[in-house]
Amino acid sequence: MRILVLLIGALLAQGASAGSTPEQTVAALWPSLSHAAGEPGDAATLGRLFQPDGVVFGGTHRENKPVFTRTSAADFITAQGRPRPKPFYECEVAREVKTYDRFATVYSVVESRTDRNAAKPDFVGVNSIQLYKFDDEWKIIALYYHVESPGLRISLEGGKSGICLGAD
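According to mature numbering (1 follows the signal peptide of the UniProt record, and there is no 0), the residues represented by the sequence shown are -18 to -1, 1 to 150, in order.
Okay, structure coming up:
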């Protein structure tokens, strides 16, 4: 029984830390950003996934004009740790990983919904995630997200809408 408890504890601890592969780190990112109404994202997990001096860039649209933002990973994590009035669910539908030595880059397509069971997402975004392997953990050093432009659809790259990678 004691061994079972230790094994479960080790598995839980591993799931909450940066991954031993780029895929594991990126797969942990999307659930940590998701939350129910009135709840925050999982700032503790985000803190383990990002390199402390990492950066987050964003490309969105406001009043039909492109908006580009930059924030530190620390500020991004702090903001995600605040309760939000509306629910928010991320569903990664496609991922391409390129790795060389201790560097990896990930292209990821993610659907975002306020209703987890909605047939259509509220919006779709593409993400470029750069990771570096520190000791034995892959950490996010930069995340660039770009929200779908009006009239310019994002290809799901072979993924299926509403079917999240890793979903059983």
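Ideal Cβ positions, reconstructed from N, Cα and C, are used throughout, including at glycine.
This one's a predicted model, so the numbers in the text were calculated from it and none came from an experiment.
Look at the Cβ atom of residue i, then the Cβ atom of residue j, and state whether they are nearer than 8 Å.
{"i": "V38", "j": "I111", "result": "no"}
{"i": "G140", "j": "A76", "result": "yes"}
{"i": "L147", "j": "E74", "result": "yes"}
{"i": "V88", "j": "V108", "result": "no"}
Would you mind reading off the limits of the alpha helix (DSSP H) that contains residue i?
{"i": "E5", "result": "4 to 15"}
{"i": "T27", "result": "25 to 31"}
{"i": "A55", "result": "55 to 62"}
For the beta strand (DSSP E) containing residue i, list its first residue and its last residue.
{"i": "F70", "result": "It is not in any beta strand (DSSP E) - F70 carries neither H nor E in the DSSP assignment."}
{"i": "I111", "result": "105 to 116"}
{"i": "A86", "result": "85 to 95"}
{"i": "I145", "result": "Where I145 is concerned, there is no enclosing beta strand (DSSP E), given that its DSSP letter is neither H nor E."}
Is any beta-carbon of chain B found at less than 8 Å from that of residue i?
{"i": "A86", "result": "Given the protein chain composition of this structure (a single chain), no chain B is represented."}
Using a 10 Å radius around the Cβ and a threshold of 16 neighbouring Cβ atoms, would you call residue i buried or exposed?
{"i": "A26", "result": "exposed"}
{"i": "S131", "result": "exposed"}
Whose CA, out of the options, lies closest to the CA of residue i?
{"i": "L15", "options": "E5, K102, E93, V79", "result": "E93"}
{"i": "Y114", "options": "D35, H17, E21", "result": "D35"}
{"i": "E21", "options": "A56, P69, F58", "result": "P69"}
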